[in-house]
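Accompanying notes for the structure given below.
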Amino acid sequence: MSMLAREAAVAWREDLWRCVACGGNVHGSGEADVWACAACGRAYPIRDGVVVVREETTANNEVARSFYDGPLWPKFRFWEWFTFINMGGERRARGRVLRHLPAGEGLRLLDVAIGDGVYLDWLPASWSVVGVDVSRVQLAACRRRASQRDLTLVLGEAEDLPVRDARFDAALSIGGFNYFNDPERALREMVRAVRPGGTVVVSDEVPDLTDWLPFRKVGLPGVDRWIVSRLMHLGDDFTDLVERYRSLDVESIARRVLPDCHFERIWRGLGYVFVGRVPG
Numbered sequence: 393m394s395m396l397a398r399e400a401a402v403a404w405r406e407d408l409w410r411c412v413a414c415g416g417n418v419h420g421s422g423e424a425d426v427w428a429c430a431a432c433g434r435a436y437p438i439r440d441g442v443v444v445v446r447e448e449t450t451a452n453n454e455v456a457r458s459f460y461d462g463p464l465w466p467k468f469r470f471w472e473w474f475t476f477i478n479m480g481g482e483r484r485a486r487g488r489v490l491r492h493l494p495a496g497e498g499l500r501l502l503d504v505a506i507g508d509g510v511y512l513d514w515l516p517a518s519w520s521v522v523g524v525d526v527s528r529v530q531l532a533a534c535r536r537r538a539s540q541r542d543l544t545l546v547l548g549e550a551e552d553l554p555v556r557d558a559r560f561d562a563a564l565s566i567g568g569f570n571y572f573n574d575p576e577r578a579l580r581e582m583v584r585a586v587r588p589g590g591t592v593v594v595s596d597e598v599p600d601l602t603d604w605l606p607f608r609k610v611g612l613p614g615v616d617r618w619i620v621s622r623l624m625h626l627g628d629d630f631t632d633l634v635e636r637y638r639s640l641d642v643e644s645i646a647r648r649v650l651p652d653c654h655f656e657r658i659w660r661g662l663g664y665v666f667v668g669r670v671p672g
């Protein structure tokens, strides 16, 4: 990134932040240990290079945080990797989603549920990325992985993004949408954050994925639950979450917010992606 582009990125970030308590402006200086809202004074500490917006999570988001911050995720990651290997490799599989992002240099991307940032190296190095996640462990891994690029990481929730309106060229969310506390509110927040004409790309596994397992079809759902919870290491709490949201109608949510979006199944029917343009 050129010096001029770097200075522009710094200026953009400093004028980017919004207080989740009152909606006021937060001055985001990379030099400060604590940011503060100019209107209500709410503090946003910077810890280990991460902007802390939400110290605690609730409901579904807490189940996700506990899973990704705990010992089960590294064990479950093998099964995610194994699935992608059978689809030609992780880069090819995730490319089915990333190809919907706009092309160009110097774009500004909001990544909601960024996780460990496994695909950041596959994005143009000139892009400025803001990544939001509920997991401290995942954000720490992401920071290590992408230490050489223009990246700002936020500990926070998708339903209340700490960014001002129309500041990004695109928003991306892979692998978190189904189990946000409120997927529709999270999508509306992504749309709010992206400029008119910008792109929103959302992908996850299909909510009824466990219905594809064999034992449910022969009346033995408990065996499938054991496979998912114990053998695949998803754990009881997250398995409960998956089962509760088996009937989630993602396409209807997408079309309520982005009526003209494109929706398709990917990953041999195991996942979906929808892509929409922000109106205006």
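Positions in the sequence shown are counted from 1; adding 392 to them yields my numbering.
All C-beta atoms, glycine included, are put in the ideal place defined by N, C-alpha and C.
Starting from Ile-477, trace the alpha helix (DSSP H) both ways and give me its first and last residue. 464-477
Environment of Ala-505 [buried if 16+ CB atoms lie within 10 Å]: buried
Hey, which unbroken runs of the alpha helix (DSSP H) at 4 residues or more fall wholly within the stretch 491-539? Complete alpha helix (DSSP H) runs here, min 4: 528-537.
Please go through the stretch 570-629 and give each complete alpha helix (DSSP H) segment of 4 or more residues, from N-terminal end onward. 575-585, 606-609, 613-618
Where DSSP assigns a beta bridge to Glu-656, which residues make up the other side? Val-665
Would you check if there are 3 or more beta carbon pairs closer than 8 Å linking the stretch 590-609 to the stretch 487-499? yes
Looking at C-beta atoms only, is the number of pairs between the stretch 440-457 and the stretch 626-642 that lie closer than 8 Å three or more? yes
So what's Asp-641 in DSSP terms, helix, strand or just coil? Collapsing the DSSP output to three states places Asp-641 in coil.
By the DSSP assignment, the beta strand (DSSP E) with Arg-439 in it spans what residues? Counted as a single uninterrupted DSSP element, the beta strand (DSSP E) harbouring Arg-439 occupies residues 435-439.
Under the three-state DSSP convention, the category Thr-450 falls into: coil
Three-state class that DSSP yields for Ala-485 in the structure shown: It is helical.
Thinking C-alpha only, which one of Thr-475, Val-610, Gly-567 is nearest Asp-508? Comparing Cα-Cα distances from Asp-508 to each of Thr-475, Val-610, Gly-567, the minimum goes to Gly-567.
Exposed unless 16 or more other CB atoms sit within 10 angstroms - verdict on Arg-657: exposed
By DSSP's criteria, Thr-544 is part of a beta bridge. Which residues make up the other side? Val-522
Neighbourhood of Val-649 by C-beta, 8 Å cutoff - its chain only, sequence neighbours within 5 removed: Glu-576, Leu-579, Arg-580, Val-583, Gly-668
Once you ignore the five residues that flank Gly-441 on each side, which residues in its own chain have a CB closer than 8 Å to its CB? Arg-535, Leu-545
Does DSSP put Val-443 in a helix, in a strand, or in coil? strand
Check whether the Cβ atoms of Asp-596 and Gly-661 sit closer than 8 Å, and answer yes or no. no
Please state the DSSP three-state secondary structure of Leu-564. Of the three classes helix, strand and coil, the one that applies to Leu-564 here is strand, per DSSP.
Classification of Gln-530 by the beta-carbon crowding that lies within 10 angstroms, buried from 16 upward: The residue in question, Gln-530, is buried, as its Cβ has 16 or more Cβ neighbours within 10 Å.
Between the beta-carbon of Val-586 and the beta-carbon of Phe-569, is there less than 8 Å? no
Can you find at least 3 beta carbon pairs, one from the stretch 407-420 and one from the stretch 598-614, that sit closer than 8 Å? no
Using the Cα positions of Phe-468 and Leu-612, report the straight-line distance between them to the nearest angstrom. 23 Å
Neighbourhood of Tyr-647 by C-beta, 7 Å cutoff - its chain only, sequence neighbours within 5 removed: The amino acid at residue 647 is misidentified as Tyr; the sequence shows Arg. Hits under 7 Å: Cys-653.
Would you kindly work out how many angstroms separate the C-alpha atoms of Pro-606 and Asp-542, rounded to a whole number? Each residue's alpha carbon lies about 45 Å from the other.
One question on the structure: do Val-555 and Leu-408 come within less than 8 Å of each other, judged by their Cβ atoms? Cβ distance < 8 Å, so Val-555 and Leu-408 count as in contact.
Just to confirm my understanding: we take Phe-666, look at its own chain, exclude 5 residues before and 5 after, and list those with CB closer than 6 Å. What are they? Val-594, Ala-646, Cys-653, Phe-655
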